[in-house]
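*Asks:* In full-length UniProt numbering, the protein residues as written are 1 to 567. Idealized CB from N, CA, C, for every residue including glycine. These numbers were taken from a predicted model, which means no experiment stands behind them. First the structure, then my questions, so here it is.
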Amino acid sequence: MANGDEDGVVHDLFSLLSSEDRNFLVHNNADQVEISSLSGKIVGLYFSGSWCGPCRRFTPSLVEVYQDLASKGDFEVVFISSDRDDKSFSGYFSEMPWLAIPFSDLEARKRLKELFKVRGIPNLVIIDANGKVSTDQGTRVVMEHGVDGYPFTAEKINFLKEQEAAAKENQSLSSLLVSRSRDYLISKDGSKVPVSELEGKMVGLYFSLHTHKPCQDFTQALLKFHEKLKEKGENFEIVLISLDYEEEHFKQGFQVPWLALPFKAKSCEKLARHFELENVPTLVIIGQDGKTLRPNAVELIEEYGIEAYPFTAEKIAELADISKAKLEEQTLESLLVAGDRNFVIEKTGSKVPVSELAGKHIMLYFSAHWCPPCRAFMPKLIKAYNQIKAKDSAFEIIFISSDRDHSSFKEFFSTMPWLALPLGDPRKALVQRKFKIQGIPALVAISPNGQTLSTQARQLIQAYGADAYPFTEEHLKHLEEKLEEEAKGWPEKVKSELHAEHELTRVLHHEYVCWCREPGSGWSFYCKECDFHLHPRCALSNKEGTKADAPNAMEGYICDGDVCRKV
1 MANGDEDGVV HDLFSLLSSE DRNFLVHNNA DQVEISSLSG KIVGLYFSGS WCGPCRRFTP
61 SLVEVYQDLA SKGDFEVVFI SSDRDDKSFS GYFSEMPWLA IPFSDLEARK RLKELFKVRG
121 IPNLVIIDAN GKVSTDQGTR VVMEHGVDGY PFTAEKINFL KEQEAAAKEN QSLSSLLVSR
181 SRDYLISKDG SKVPVSELEG KMVGLYFSLH THKPCQDFTQ ALLKFHEKLK EKGENFEIVL
241 ISLDYEEEHF KQGFQVPWLA LPFKAKSCEK LARHFELENV PTLVIIGQDG KTLRPNAVEL
301 IEEYGIEAYP FTAEKIAELA DISKAKLEEQ TLESLLVAGD RNFVIEKTGS KVPVSELAGK
361 HIMLYFSAHW CPPCRAFMPK LIKAYNQIKA KDSAFEIIFI SSDRDHSSFK EFFSTMPWLA
421 LPLGDPRKAL VQRKFKIQGI PALVAISPNG QTLSTQARQL IQAYGADAYP FTEEHLKHLE
481 EKLEEEAKGW PEKVKSELHA EHELTRVLHH EYVCWCREPG SGWSFYCKEC DFHLHPRCAL
541 SNKEGTKADA PNAMEGYICD GDVCRKV
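Below, the structure written as structure tokens:
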């Protein structure tokens, strides 16, 4: 129910919030307030718990909205705790200026959670003055709109969305950075700089989280970029949009020569939503006309530095041509040699010159000991490595570690039959950026002439094992044809008692986990709505209702008889 109670149910607040021997709610000083006093008010039912990090971060935002609305006298919040003991409840409730269901009334708290189908916290259900649910997405409304979301009706929320859409169409620097109560930015010494001073300049809005290592790394690259532009006299400014939760982290991340929105300014979340922020670091480039020139220039600056400026379409096209030419000229040495760092190492620590690997099929293996999926993938990769080596000695893998200390690196590397870059080698950052590695484990396949064959080699090994070698397009096409041949005579869709809710469709997946808890690759009978997989053998042996012995539920599933459903 994104925008209210679709069934039009009218809730009686007294029946909703009372119990057989209780007709009151409590303040955090233990004062009792009769439930009848809430009649005719807008009431937010706040499901939350002290142990929940997102709840602790959201509560101050709700407190601010509550206090801003206090003068109206028609809005109240009732805390419904998910805490496990009275001490935790009392400590958390002491931070709240509103009412609560007494911690001792466990039955009432459980009943309300079940009634409103609360599956996660924080959750804020808004009930209007007539007893109808305005929205069960109150948490999102408060986070996105704050007090402007009042009275939290579907009409008000739609109006705010229309306003935001209009703001996108009529975007200017002032519409982005000026609020009703603030027309300035701040420098690291605390002085105020009017937003108007940035008009007519190119501006980079830097969304960052100082505690996030990729943001710390990019800040260093951005400092060099900014310094070089200033040396050239370019009219370019940066504005930090900090998403840090703690003011101390904000201050640590603001030891830079550019401007910022004040800590916890409401505009920060609004701007993140305006630009549909997906990750950090993000650097949005605003042109001299106040329009968005580039939605994210982080990769451009990391790869090209000052050469990426001024981020125009013509400049980007020029850089793309240069990159294409470099790609065509790529060799193993161009990837793995940097100055006097022209070697990889064996487990003994002995150096192997990169030049000795030229002319071989190479796989770059990005992994780490601390990463459970990496450890789970290792046996399959070792098996494939040994099988490929038996067929072709001109093949090697190079481990590129994301471990945090030498003992973890050595322990993990000792289980591998291949080579590695030394831990902490600066070449790691270069190849990681080159291949846009966003997660581990990852495998990149390089041809004997140094060209990139695939950045998805992990998925290919997972699906085909050693048969994926040598990772050429022609060979992979042949494997897919074999899979098509394998599926001849299989139905496109099946019904199975193992997933009675929906029909299952035959699809290709490089890797998945079946209902029977075993991993699979290649063909799967799949329910997209429930993200549910069956091996062909499991699906086809049960398609006519033949029941299998239900396994114990894997994590994330609930088994009910012969059907396991994803939670």
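Compute the beta-carbon to beta-carbon distance between residue 396 and residue 360, rounded to the nearest angstrom, for a pair I have assumed lies under 8 Å.
*Replies:* Walking along the sequence shown from the start, residue 396 turns up at place 396. Walking along the sequence shown from the start, residue 360 turns up at place 360. About 6 Å; that satisfies the 8 Å criterion.
*Asks:* Which residues mark the beginning and the end of the alpha helix (DSSP H) in which residue 158 is found?
*Replies:* As a working mapping, residue 158 is identified with position 158 in the sequence shown. 154-169 is the extent of the alpha helix (DSSP H) around residue 158.
*Asks:* Please classify residue 394: is it buried, with 16 or more other beta-carbons within 10 angstroms of its beta-carbon, or exposed?
*Replies:* In the sequence shown, counting from the first residue as 1, residue 394 sits at position 394. That one is exposed.
*Asks:* Count the other CB atoms, across all protein chains shown, that sit within 10 Å of the CB of residue 373; report buried if there are 16 or more and exposed otherwise.
*Replies:* As a position in the sequence shown, residue 373 is number 373, starting the count at 1. With fewer than 16 neighbouring CB atoms inside 10 Å of its own CB, residue 373 falls in the exposed class.
*Asks:* Which residues in the same chain have their Cβ closer than 7 Å to the Cβ of residue 463, if we skip the five residues on either side of it in sequence?
*Replies:* What you label residue 463 is simply residue 463 of the sequence shown in a count that begins at 1. Result list for residue 463: 510, 511, 521, 522, in chain order.
*Asks:* For residue 540 and residue 527, what's the separation of their Cα atoms in angstroms?
*Replies:* Within the sequence shown, numbered from 1, the residue matching residue 540 stands at position 540. Within the sequence shown, numbered from 1, the residue matching residue 527 stands at position 527. Residue 540 and residue 527: Cα-Cα distance of roughly 15 Å.
*Asks:* Quick check on residue 490: buried or exposed, where buried means 16 or more other Cβ atoms within 10 Å of its Cβ?
*Replies:* On the sequence shown, residue 490 is found 490 positions in, with the first residue counted as 1. Exposed is the call here.
*Asks:* Pairs of beta-carbons, one from the stretch 135-144 and one from the stretch 245-257, closer than 8 Å: are there three or more?
*Replies:* no
*Asks:* Does the contact criterion of 3 or more C-beta pairs under 8 Å hold for the stretch 117-128 versus the stretch 84-91?
*Replies:* no
*Asks:* Any beta-carbon of chain B closer than 8 Å to the one on residue 198?
*Replies:* Of the protein chains in the structure, only one exists, and it is not chain B.
*Asks:* Between which two residues does the alpha helix (DSSP H) harbouring residue 431 extend?
*Replies:* Counted from its first residue, the sequence shown places residue 431 at position 431. That run of the alpha helix (DSSP H) goes 427-434.
*Asks:* Quick one: give me the first and last residue of the alpha helix (DSSP H) that residue 386 is part of.
*Replies:* To locate residue 386, count along the sequence shown from 1; it is residue 386. For residue 386, the uninterrupted alpha helix (DSSP H) run begins and ends at 372-391, by DSSP.
*Asks:* Can you confirm whether the stretch 256-273 touches the stretch 184-193 when touching is taken to mean that 3 or more C-beta pairs between the two stretches lie within less than 8 Å?
*Replies:* By the C-beta criterion, the stretch 184-193 is judged to be in contact with the stretch 256-273, since at least 3 inter-stretch pairs fall below 8 Å.
*Asks:* Quick check: what's the CA-CA separation for residue 455 versus residue 198?
*Replies:* On the sequence shown, residue 455 is found 455 positions in, with the first residue counted as 1. On the sequence shown, residue 198 is found 198 positions in, with the first residue counted as 1. Looking at the two C-alpha atoms, the distance is approximately 42 Å.
*Asks:* Is residue 501 helix, strand or coil when you go by DSSP?
*Replies:* By one-based count along the sequence shown, residue 501 stands at place 501. Three-state DSSP puts residue 501 in a strand.
*Asks:* Please say whether residue 365 and residue 400 have beta carbons closer to each other than 8 Å?
*Replies:* What you label residue 400 is simply residue 400 of the sequence shown in a count that begins at 1. What you label residue 365 is simply residue 365 of the sequence shown in a count that begins at 1. Yes; because the gap between Cβ atoms is below 8 Å, this pair is in contact.
*Asks:* State the start and end residues of the unbroken beta strand (DSSP E) segment that holds residue 423.
*Replies:* The sequence position of residue 423 within the sequence shown is 423, counting from 1. Neither: residue 423 is in no beta strand (DSSP E) and is coded neither H nor E.
*Asks:* I think residue 367 touches residue 440, with their Cβ atoms under 8 Å apart; what is that distance to the nearest whole Å?
*Replies:* The residue you call residue 367 lines up with position 367 of the sequence shown. The residue you call residue 440 lines up with position 440 of the sequence shown. Confirmed, about 5 Å.
*Asks:* What did DSSP end up calling residue 16 once you bin it into helix, strand or coil?
*Replies:* Counting from one through the sequence shown, the residue named residue 16 turns up at place 16. Of the three classes helix, strand and coil, the one that applies to residue 16 here is helix, per DSSP.
*Asks:* Among 121, 151, 17, which one has its Cα closest to the Cα of residue 134?
*Replies:* Against the sequence shown, residue 134 aligns to sequence position 134. The residue with the shortest Cα to Cα distance from residue 134 is 151.
*Asks:* Cβ of residue 244 within 8 Å of Cβ of residue 274?
*Replies:* On the sequence shown, position 244 is the one that residue 244 refers to. On the sequence shown, position 274 is the one that residue 274 refers to. No, they are not a contact pair.
*Asks:* Between the Cα of residue 329 and those of 449, 220, 279, spot the shortest distance and give me the residue it belongs to.
*Replies:* Taking the first residue of the sequence shown as 1, we reach residue 329 at position 329. Of the candidates 449, 220, 279, the one whose C-alpha sits nearest the C-alpha of residue 329 is 449.
*Asks:* For residue 493, which three-state DSSP category applies?
*Replies:* Taking the first residue of the sequence shown as position 1, residue 493 is located at position 493. Strand.
*Asks:* If you reduce the DSSP assignment to three classes, tell me which class residue 562 lands in.
*Replies:* Position 562 of the sequence shown holds residue 562. Reliability of the predicted coordinates at residue 562 is poor, the pLDDT of 26 falling under 50, and the value obtained from them is presented with this limitation in mind. In this structure, residue 562 counts as coil in the three-state DSSP scheme.
*Asks:* Between the stretch 217-226 and the stretch 291-305, do three or more beta carbon pairs fall short of 8 Å?
*Replies:* Yes: at least three Cβ pairs fall under 8 Å.
*Asks:* Using a threshold of 8 Å, state whether the C-beta atoms of residue 573 and residue 147 are closer than that.
*Replies:* No answer is possible for residue 573: the residues shown for the chain start at 1 and end at 567.
*Asks:* Mapping the DSSP letters down to three states, classify residue 192 as helix, strand or coil.
*Replies:* By 1-based counting over the sequence shown, the position of residue 192 is 192. Strand at residue 192.
*Asks:* Can you give the Cα-Cα distance for residue 265 and residue 226, rounded to whole angstroms?
*Replies:* As a working mapping, residue 265 is identified with position 265 in the sequence shown. As a working mapping, residue 226 is identified with position 226 in the sequence shown. If I take the Cα positions, the gap works out to 24 Å.
*Asks:* What would DSSP say about residue 365, mapped onto helix, strand or coil?
*Replies:* Your numbering for residue 365 matches position 365 in the sequence shown. Strand.
*Asks:* Is it buried or exposed, residue 533, if we count other Cβ atoms within 10 angstroms and call 16 or more buried?
*Replies:* Here the question's residue 533 lines up with position 533 in the sequence shown. Answer is buried; the Cβ neighbour count reaches 16.
*Asks:* Taking the DSSP output, what are the residues bridged to residue 292?
*Replies:* For the purposes of this step, residue 292 is taken as residue 292 along the sequence shown, with counting starting at 1. Bridge partners of residue 292: 286.
*Asks:* Would you report the Cα separation of residue 477 and residue 161, rounded to the nearest angstrom?
*Replies:* In the sequence shown, the residue the question calls residue 477 occupies position 477. In the sequence shown, the residue the question calls residue 161 occupies position 161. Their Cα atoms are separated by approximately 46 Å.
*Asks:* Going straight from the alpha carbon of residue 292 to that of residue 22, what length do you get?
*Replies:* As a first step, residue 292 must be located in the sequence shown, where it is residue number 292. As a first step, residue 22 must be located in the sequence shown, where it is residue number 22. Near 57 Å, if we compare the C-alpha coordinates of residue 22 and residue 292.
*Asks:* State the DSSP-derived secondary structure class of residue 202, mapped to helix, strand or coil.
*Replies:* Walking along the sequence shown from the start, residue 202 turns up at place 202. Three-state result, residue 202: strand.
*Asks:* Could you work out which residue in 70, 47, 276 is closest to residue 78 when comparing CA atoms only?
*Replies:* For the purposes of this step, residue 78 is identified with residue 78 of the sequence shown, where counting begins at 1. Comparing C-alpha distances from residue 78 to each of 70, 47, 276 shows the shortest one belongs to 47.
*Asks:* Go ahead and label residue 406 buried or exposed: buried means 16 or more other beta carbons lie within 10 angstroms of its beta carbon, across all protein chains shown.
*Replies:* For the purposes of this step, residue 406 is identified with residue 406 of the sequence shown, where counting begins at 1. It is exposed - the Cβ of residue 406 has fewer than 16 other Cβ atoms within 10 Å.
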